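*Asks:* Those letters in the sequence shown? Residues -21 to -1, 1 to 338, per mature numbering (1 follows the signal peptide of the UniProt record, and there is no 0), in order.
Glycine is no exception: its CB is placed at the ideal position from the N, C-alpha and C atoms.
As the structure is a prediction and not an experimental result, all values here were calculated from the model.
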Amino acid sequence: MRLRTALAQLTVATLAVGSLAGCDVLWDNGPIVPPVTPSTSPAHRPAPEGLPWGCAGQSLPVPEGFSRETSLSGIDPSGHMLVGKVRSGDQTRLAIWSDGKIHAVFSIPGETVYLNDVTRAGAAVGMSLDGSAHNPRGTAWKYDGQLARLPGEDALALAINEAGVIAGSVQDRPAVWRPGKTTPDYLPLPAGERYGWATGITEAGVVVGQIGDAPYNGGKPLGALRAFAWYPDGSSRELVSPEPGASRVFMQSAAGDWAFGIAEGNPVLWDLRTGTARQAAAMRGTNAQGWVLSGNLVWNVNGKRAVIPGEVDGKPSGQIASVLYVSDDGRTLAGVMGPTSAAVDGQLPVLWRCRSGTE
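(1) Cβ of Val155 within 8 Å of Cβ of Ala134?
(2) Quick one: what does DSSP say Gly29 is sitting in, helix, strand or coil?
(3) Quick one: residues in its chain with C-beta nearer than 8 Å to the C-beta of Pro318, no 5 flanking neighbours on either side, listed in chain order?
(4) Give the single residue among Val97, Pro288, Ala313 whose Cα lies nearest to the Cα of Ile139.
(5) Quick one: is Ser50 buried, meaning 16 or more other Cβ sit within 10 Å of its Cβ, or exposed?
(6) Report the three-state DSSP secondary structure of Arg252 (helix, strand or coil).
(7) Can you round the beta-carbon distance between Lys121 and Ala136 to whole angstroms, since I take them to be within the 8 Å contact cut?
(8) What are the boundary residues of the beta strand (DSSP E) that Ser214 is part of?
(9) Can you tell me whether Gln70 is buried or exposed, with buried defined as 16 or more other CB within 10 angstroms of its CB?
(10) With H, G and I counted as helix, E and B as strand and the rest as coil, what does DSSP make of Trp270?
(11) Does the Cβ-Cβ distance between Gly143 and Ser335 come in under 8 Å?
(12) With H, G and I counted as helix, E and B as strand and the rest as coil, what does DSSP make of Asp96?
(13) Based on DSSP bridge pairs, tell me the residues matched to Phe229.
(14) Between Pro88 and Lys283, what straight-line distance do the alpha-carbon atoms span, to the nearest angstrom?
(15) For Lys64, which option in Ser57, Val84, Thr118 has the closest C-alpha, if you only look at C-alpha atoms?
(16) Pick helix, strand or coil for Arg310, following the three-state DSSP scheme.
(17) Rounded to whole angstroms, what is the Cα-Cα separation between Pro21 and Ala203?
Quick look at the structure:
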């Protein structure tokens, strides 16, 4: 989810189509094997309304020779797969974790590289940026044991659902890449609109993003931005912000019947069934239950919250949890530990296994 918010900082250019021979794959553990669900410590009293409790934190491993300066950038709906970066000196590699273990470490061409999302089977999507900060050039990628460029010029790949449909943009137009097709499908824009970007997709195939009256340039939008949703039946609609007159609305993600974004700097949660919006309690979200995240707090749609403890690997860490991602069932969380609840790169990456509700 983090990189979906970074769309406001990107402009992109030309890319090619096809698989990349000879990409630098340090290792890949092969097909994902369905795991046995681990037990968790019931050390804390059940949280209200299905929220997580009894969470056991585990530090995420990094490859030998790489530092703990690891950043996380996505989770699959089941919580079994995570994506992010690992670093060694001035080297950066992209990483996929499966149930708290390193699954794949690889590189893609580009000056600045990201993974943005991943499926339960380990198919990940991301992008690379090249060129100056004022005119970066982007390339969209998919990694599924092999690295492949996605078709289309000026492309970004920001999200993927379990059906393998990828959401993003091509030449400042919202687009999706469907399995088996060699070209992206453009999503329709309202009459008179020319620009748009898809930033999230649900398992039901609802795509969310933003539309604007001008492209991005030098990392900044040149015009107003509004939240938008495209539905599998071919319909679409603007998602109105609760901020009156909001002209800067950045859509971050979608899951289940919920979409999450930022309007004029304030967090917003949209109900995709009705298009209605509410002010969210936190600056990160969301899972299929509409939960949002803020530091070591997890909030549900009714304003109830759970506190995630600071213990890691069975002992107090002396630091504060910052939860960045949560699975749809609320039993798996991922984030970092640091001296404050603000998440920054270079902090200890952590996976929490939790109980939920009154179990």
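*Replies:* Short version:
(1) Position 176 of the sequence shown, counting from 1, holds the residue named residue 155. Position 155 of the sequence shown, counting from 1, holds the residue named residue 134. Cβ atoms of Val155 and Ala134: not closer than 8 Å.
(2) Position 50 of the sequence shown holds residue 29. Of the three classes helix, strand and coil, the one that applies to Gly29 here is helix, per DSSP.
(3) The sequence position of residue 318 within the sequence shown is 339, counting from 1. Apart from sequence neighbours up to five positions away, the residues of its chain that approach Pro318 with a beta-carbon distance below 8 Å are Gln298, Ile299, ordered along the chain.
(4) For the purposes of this step, residue 139 is taken as the residue at position 160 of the sequence shown. Ranking Val97, Pro288, Ala313 by Cα distance to Ile139 puts Val97 first.
(5) What you label residue 50 is simply residue 71 of the sequence shown in a count that begins at 1. When all chains shown are included, Ser50 counts as buried.
(6) Looking up residue 252 in the sequence shown gives position 273. Here Arg252 carries a coil assignment [DSSP, helix/strand/coil].
(7) Counting from one through the sequence shown, the residue named residue 121 turns up at place 142. Counting from one through the sequence shown, the residue named residue 136 turns up at place 157. About 7 Å separates the Cβ atoms of Lys121 and Ala136, confirming a contact at the 8 Å cut-off.
(8) Your numbering for residue 214 matches position 235 in the sequence shown. Where Ser214 is concerned, there is no enclosing beta strand (DSSP E), given that its DSSP letter is neither H nor E.
(9) Numbered from its first residue, the sequence shown carries residue 70 at position 91. Exposed, because fewer than 16 other Cβ atoms sit within 10 Å of the Cβ of Gln70.
(10) As a working mapping, residue 270 is identified with position 291 in the sequence shown. Coil.
(11) Within the sequence shown, numbered from 1, the residue matching residue 143 stands at position 164. Within the sequence shown, numbered from 1, the residue matching residue 335 stands at position 356. With respect to the 8 Å criterion, Gly143 and Ser335 are not classified as neighbours on the basis of their beta carbons.
(12) By one-based count along the sequence shown, residue 96 stands at place 117. It is a strand residue.
(13) Working through the sequence shown from its first residue, we reach residue 229 at position 250. Residue pairing by DSSP puts Phe229 in a beta bridge opposite Ile241.
(14) Locating residue 88 in the sequence shown gives position 109, where the first residue counts as 1. Locating residue 283 in the sequence shown gives position 304, where the first residue counts as 1. Pro88 and Lys283 have their C-alpha atoms roughly 44 Å apart.
(15) If you number the sequence shown from 1, residue 64 lands on position 85. Minimum Cα distance to Lys64 is reached at Val84.
(16) For this step, residue 310 is matched to residue 331 along the sequence shown. Annotated three-state conformation of Arg310 is coil, per DSSP.
(17) Within the sequence shown, numbered from 1, the residue matching residue 21 stands at position 42. Within the sequence shown, numbered from 1, the residue matching residue 203 stands at position 224. With a pLDDT of only 40 at Pro21, under 50, the local geometry of the prediction cannot be trusted, and no value is derived from it.
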